[in-house]
Amino acid sequence: MVATALGLVGAARPTIWYDEAVTLSLLRRPFGDTWTVLREVDAVHGLYYVVLRAWTLVTGDSIEAVRAFSALGVGVTAAATVLLVARHQRLRVAAAAGFLTGVAPGLAWTAVDGRSYAWSAAFAVLATLALDTACRRRRRRYWVLYGAVCLVACWWHLYLVLLAIAHGVAIFVGLPRARVAWGVTTAATATGLAPLAVVAWSQRSQVAWLLNVEFTWHRMLLNELTSGQAADPPGIRAVLLVGMLALGAFGVYHLWRDGRRWLPAVLALWGGLPTLVAIGCALAGGGMHPRYVTFAVPAVAIAATVGGAALPKRTPLVAALAAVVVITPCVLAQRHPDAKPGNLRDLSAAAGEVDADAVYYTATTARSIEFAYPGPLEGLPDLSAPSDTAPDPFFAGIRDPATIDETDVAGLEILVYGTRKVPVATRLVELGCHRRQVSRDDFFLVRLYTCPGV
Numbered sequence: 305m306v307a308t309a310l311g312l313v314g315a316a317r318p319t320i321w322y323d324e325a326v327t328l329s330l331l332r333r334p335f336g337d338t339w340t341v342l343r344e345v346d347a348v349h350g351l352y353y354v355v356l357r358a359w360t361l362v363t364g365d366s367i368e369a370v371r372a373f374s375a376l377g378v379g380v381t382a383a384a385t386v387l388l389v390a391r392h393q394r395l396r397v398a399a400a401a402g403f404l405t406g407v408a409p410g411l412a413w414t415a416v417d418g419r420s421y422a423w424s425a426a427f428a429v430l431a432t433l434a435l436d437t438a439c440r441r442r443r444r445r446y447w448v449l450y451g452a453v454c455l456v457a458c459w460w461h462l463y464l465v466l467l468a469i470a471h472g473v474a475i476f477v478g479l480p481r482a483r484v485a486w487g488v489t490t491a492a493t494a495t496g497l498a499p500l501a502v503v504a505w506s507q508r509s510q511v512a513w514l515l516n517v518e519f520t521w522h523r524m525l526l527n528e529l530t531s532g533q534a535a536d537p538p539g540i541r542a543v544l545l546v547g548m549l550a551l552g553a554f555g556v557y558h559l560w561r562d563g564r565r566w567l568p569a570v571l572a573l574w575g576g577l578p579t580l581v582a583i584g585c586a587l588a589g590g591g592m593h594p595r596y597v598t599f600a601v602p603a604v605a606i607a608a609t610v611g612g613a614a615l616p617k618r619t620p621l622v623a624a625l626a627a628v629v630v631i632t633p634c635v636l637a638q639r640h641p642d643a644k645p646g647n648l649r650d651l652s653a654a655a656g657e658v659d660a661d662a663v664y665y666t667a668t669t670a671r672s673i674e675f676a677y678p679g680p681l682e683g684l685p686d687l688s689a690p691s692d693t694a695p696d697p698f699f700a701g702i703r704d705p706a707t708i709d710e711t712d713v714a715g716l717e718i719l720v721y722g723t724r725k726v727p728v729a730t731r732l733v734e735l736g737c738h739r740r741q742v743s744r745d746d747f748f749l750v751r752l753y754t755c756p757g758v
């Protein structure tokens with residue numbers, strides 16, 4: 305549980321970001337409302353929300369409690385890695401692989417993130433462990449167990465379908481006798497996954513924004529394996545990436561050369577297939593985010609550990625020390641207050657820098673700022689509040705701007721939170737209000753509008 309303990313250190317320091325605000329929004333409403341939301345959006349995260357709600361019944365629904373659940377997921381990932389590798393390597397190599405998996409920046413960032421990605425990596429290792437057990441024991445009940453773990457994993461994170469495919473190719477390459485059993489098990493798993501796939505396809509517009517996210521192929525690779533948080537040190541991450549890929553390739557080669565086909569095949573495909581899909585999307589111009597394939601990081605970490613352990617004489621110790629030197633700044637940077645995409649804490653605090661009479665949000669997404677950090681905005685009348693305060697779907701909607709007239713804003717100083725898509729409160733401009741910028745980040749703009757008296 306070293307990885308969990310490390311994940312808990314400084315977990316409250318990074319600002320809450322938009323996706324985490326969404327998580328908190330679903331946790332802090334009646335349970336029945338969650339199903340209403342999932343019928344419209346975010347069904348692919350439904351299992352995560354349900355399990356997390358059970359967790360918060362015990363721990364509370366603070367961001368620290370939500371991130372603690374993620375830290376536990378990283379700990380489970382590391383522990384399962386030790387169990388998997390210990391079946392094929394010496395115990396000290398297995399322990400080193402578990403430790404590297406837990407602290408590798410490409411996975412460690414998930415320990416301080418209130419989303420599902422930490423546990424997607426855990427399910428990837430658990431599914432691979434279950435597959436290894438089924439292939440060794442050759443009994444039906446172990447294949448049923450593998451199918452059950454895969455089904456839960458894919459309901460947790462739909463992109464883990466790529467792992468199941470990687471498992472199949474590894475079976476065909478390294479363990480041909482298990483082809484039929486894997487095929488039957490996977491067919492049953494696919495049947496159980498079909499309802500989620502249908503709903504996810506109907507909600508595909510939710511991720512249409514990915515088509516406008518342009519990652520170069522090398523940035524996609526860098527962010528996947530070494531994290532991509534705002535405060536990360538770029539030069540050190542590049543060194544880490546080269547080291548992990550080089551040692552990982554050597555580890556796979558070393559295992560293959562020794563005649564052990566199964567483990568190198570599954571590691572290469574588990575780490576390689578999701579990565580190649582992500583790179584392919586980057587080359588095609590969008591459709592993927594590096595965090596969606598975080599579950600590939602344990603495979604690269606395992607292969608890199610095996611490669612490092614296979615180096616001659618005292619070189620493994622040198623490699624381990626170099627890894628500590630390179631990884632430490634990255635993990636520390638992930639706990640910086642500005643580590644997340646968008647600093648909602650600072651944006652909310654901007655309310656304390658001006659003497660505003662009211663607040664206005666140009667879009668529903670801007671309400672995530674108040675939801676994450678309500679303190680500085682408490683007591684300010686919300687001119688954009690709709691008559692129906694039901695979430696739309698995560699936060700309250702926006703009042704029709706046409707219903708705002710001169711008497712609503714006469715003589716007021718209005719703090720306006722805008723987004724990149726809707727940066728300006730057009731109705732306030734039409735009413736003669738003048739604006740000046742107060743704060744901004746990559747996603748939101750904060751301006752103070754001074755409106756004339758009647």
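Numbers 305 to 758, taken from this note's numbering, label the letters of the sequence shown in order. We treat Cβ as the ideally placed atom computed from N, Cα and C, and that holds for glycine. No experiment lies behind these values; they were computed from the predicted model shown.
Taking 7 Å as the cut-off, the beta carbon of Thr-579 is found no closer than this to the beta carbon of Ala-607. Under the DSSP definition of a beta bridge, Val-750 partners with Tyr-721, Ser-743. The shortest C-alpha to C-alpha distance from Thr-405 to any of Ser-420, Ala-375, Gly-418 is the one to Ala-375. Between the segment 641-648 and the segment 524-538 there are three or more inter-stretch CB-CB distances shorter than 8 Å, so the stretches are counted as touching. Leu-587 is positioned such that its CB atom lies closer than 7 Å to that of Trp-521. Sixteen is the threshold: when 16 or more other Cβ atoms of the shown chains lie within 10 Å of the Cβ of Ser-420, as they do, the residue is buried. For the segment 528-594, the continuous alpha helix (DSSP H) assignments of 4+ residues that do not extend past its boundaries occur at 538-561, 566-588, in sequence order. Remark: C-beta atoms of Asp-696 and Thr-668 approach each other more closely than 7 Å. When secondary structure is reduced to three states using DSSP, Ala-662 falls in the strand class. Pairing Val-416 with Pro-318 gives a Cβ-Cβ distance under 7 Å.
About 6 Å separates the beta carbon of Thr-327 from that of Val-370, a gap short enough to meet the 8 Å contact definition. With distances taken between CA atoms, Glu-344 lies nearest to Val-503 out of Tyr-353, Ala-434, Val-503.
A direct Cα-Cα distance of roughly 33 Å separates Leu-577 from Leu-330. In this structure, the beta-carbon distance from Val-713 to Leu-749 does not fall below 7 Å. Between Leu-312 and Ala-706, the alpha-carbon positions lie close to 47 Å from each other. If you ignore the 5 residues before and after Ile-540, its C-beta comes within less than 8 Å of the C-beta of Val-630, Pro-633, Cys-634, all in its own chain and listed in chain order. Taking C-beta atoms as the reference points, Thr-530 and Gly-410 count as a pair closer than 7 Å.
By the neighbour-count criterion, in which 16 or more other beta carbons inside 10 Å mark a residue as buried, Trp-505 falls on the exposed side.
Inter-residue distance for Ala-457 and Val-720 is about 42 Å (C-alpha atoms, whole angstroms). Sequence-distant partners of Val-543 (beyond 5 residues in either direction) whose C-beta falls short of 7 Å from its own C-beta, in its chain, are Val-630. Here Ala-689 has Ala-700, Arg-703 as same chain residues with Cβ atoms under 8 Å from its own Cβ, once five neighbours each way along the sequence are excluded. By the Cβ neighbour-count rule, Asn-516 is exposed, with fewer than 16 other Cβ atoms within 10 Å of its own. Rounded to the nearest whole angstrom, the CA to CA distance from Ala-470 to Arg-595 is 18 Å. If you check the CB distance, Arg-671 and Tyr-665 come in under 7 Å. With a cutoff of 7 Å on beta-carbon distance, Trp-413 and Gly-377 are scored as not near each other. Less than 7 Å divides the Cβ of Gly-555 from the Cβ of Val-610. In terms of CA proximity to Ala-605, Ala-400 leads the group Glu-674, Ala-400, Val-726. Here Tyr-322 has Pro-645, Gly-646, Leu-648, Thr-669, Ser-672, Phe-747 as same chain residues with Cβ atoms under 8 Å from its own Cβ, once five neighbours each way along the sequence are excluded.
Per the C-alpha coordinates, the member of Ala-372, Cys-454, Phe-519, Ser-366 positioned closest to Thr-308 is Ala-372.
Boundaries for Trp-513: no alpha helix (DSSP H) harbours it, and the DSSP string shows neither H nor E there. At the C-beta level, Cys-439 and Leu-497 stay beyond 7 Å of one another.
Taking all protein chains shown into account, Phe-427 has 16 or more neighbouring C-beta atoms within 10 Å of its C-beta and is therefore buried. The alpha helix (DSSP H) runs of length 4 or more contained entirely in the segment 686-718 are, from start to end of the chain, 710-713. Check the Cα spacing between Gly-547 and each of Ala-624, Val-354, His-461, Val-355: the tightest is with Ala-624. The segment 316-357 contains, as complete alpha helix (DSSP H) runs of 4+ residues, the segments 322-331, 335-342 (chain order). In the DSSP assignment, Trp-486 falls within the unbroken alpha helix (DSSP H) covering 483-506.
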